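Data first, discussion second: the structure below is written as structure tokens.
If you want it as structure tokens, here you go:
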């Protein structure tokens, strides 16, 4: 089932959380001179024109990055993320938005690498057009779950894995758990960042997924969630989360610094809430 298009949702509240956390992790990797790699399992098209038909269909960015744009200078705790968007929109107008591949590419240094996976035929064409010219980038037209395990352990041996399937199939929730288990066996020192949606109660599988991950021996596991409205019974995404295995030091505090005000800024109704918690914490 490959109907999902990233551009529908580019820049929405879930992207703001996901990409702000992604940028902080990459900045932490840059503190050492040694090269790193970012592996992206469901890369999409790489970057998006918010004026395009796909993005304008629902204009979800208006209630995401759109709410931050005019006051972006005030959000210093999200500076790595917002700085990339400023670079892409140097005239001050919010026209372009980076998917996770473009965010990684712009934050990476000359010595760093990107491995981008995408199965959707149209998306991978866009991805190659947008990213393929960069010698640091390798684009793989393949299933992200299978591809990730096959590409591990990577060279270089430092880095980040981004896992964010569309969750159109309920099996995706359990595929990510299985993939994490296989991946950690092959590359135990990597940082793994998993994005997931929080849906209406009838459709939401995120709690079951978190319980399954908690049962595994993944060491330190941090969870950050943002719900812009209260959960209802029916289908619909009221929030999302980022689960980070082996997070960099102080990432929890860095996320805390922006998530409370971000929750207030992006709230779309009663019941908006956030949390930053350790799902598992290894003994010091």
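Residue numbers (my numbering): 64 to 347. Idealized CB from N, CA, C, for every residue including glycine. Quick caveat: nothing in here was measured; it's all calculated off a predicted structure.
According to the neighbour-count rule (16 or more other Cβ atoms, all chains shown, within 10 Å of its Cβ), is residue i buried or exposed?
i, result
"residue 310", "buried"
"residue 64", "Residue placement at residue 64 cannot be trusted, given a pLDDT of 34 that sits under 50; the coordinates are not used to answer."
"residue 75", "buried"
"residue 265", "exposed"
"residue 293", "exposed"
Determine the direct distance from the alpha carbon of residue j to that of residue i, and round the result to whole angstroms.
i, j, result
"residue 304", "residue 287", "5 Å"
"residue 316", "residue 274", "23 Å"
"residue 302", "residue 80", "10 Å"
"residue 219", "residue 342", "28 Å"
"residue 238", "residue 221", "24 Å"
"residue 141", "residue 319", "11 Å"
"residue 235", "residue 258", "12 Å"
"residue 34", "residue 199", "This structure leaves residue 34 out entirely; the chain is present only between 64 and 347."
"residue 330", "residue 313", "26 Å"
"residue 190", "residue 106", "8 Å"
"residue 8", "residue 332", "Shown here, the chain extends from 64 to 347; a query on residue 8 therefore has no answer."
"residue 208", "residue 165", "21 Å"
"residue 96", "residue 223", "16 Å"
"residue 78", "residue 260", "11 Å"
"residue 129", "residue 86", "18 Å"
"residue 113", "residue 160", "7 Å"
"residue 124", "residue 321", "19 Å"
"residue 155", "residue 146", "12 Å"
"residue 202", "residue 253", "20 Å"
"residue 137", "residue 162", "23 Å"
"residue 67", "residue 183", "At residue 67, the pLDDT of 49 sits below 50, so the modelled position is not reliable and the matter cannot be decided from this model."
"residue 362", "residue 270", "Not covered by the structure: residue 362. The range shown for the chain is 64 to 347."
"residue 108", "residue 188", "8 Å"
"residue 144", "residue 170", "9 Å"
According to the Cβ coordinates, are residue i and residue j closer than 8 Å?
i, j, result
"residue 177", "residue 101", "yes"
"residue 111", "residue 73", "yes"
"residue 231", "residue 204", "no"
"residue 149", "residue 168", "no"
"residue 308", "residue 335", "no"
"residue 256", "residue 88", "yes"
"residue 295", "residue 211", "no"
"residue 268", "residue 233", "yes"
"residue 327", "residue 283", "no"
Got a sec? Which residues, its chain only, sit under 6 Å from residue i by beta carbon, not counting five neighbours each side?
i, result
"residue 91", "311"
"residue 157", "132"
"residue 281", "308"
In its own chain, which residues sit with a C-beta less than 8 Å from the C-beta of residue i, not counting the 5 before and 5 after it?
i, result
"residue 172", "93, 98"
"residue 206", "180, 182"
Please list, in chain order, all residues of the same chain as residue i whose beta carbon is under 7 Å from its beta carbon, the five residues on each side excluded.
i, result
"residue 244", "279"
"residue 241", "none"
"residue 152", "158, 159"
- Is it a yes or a no for the segment 188 to 195 touching the segment 216 to 234, going by three-plus beta-carbon pairs under 8 Å? Touching, no, given that fewer than three Cβ pairs across the two stretches are closer than 8 Å.
- Task: Answer yes if the segment 277 to 296 comes into contact with the segment 322 to 339, meaning at least three C-beta pairs across the two stretches below 8 Å, and no otherwise.
- Result: Enough Cβ pairs lie closer than 8 Å, so yes.
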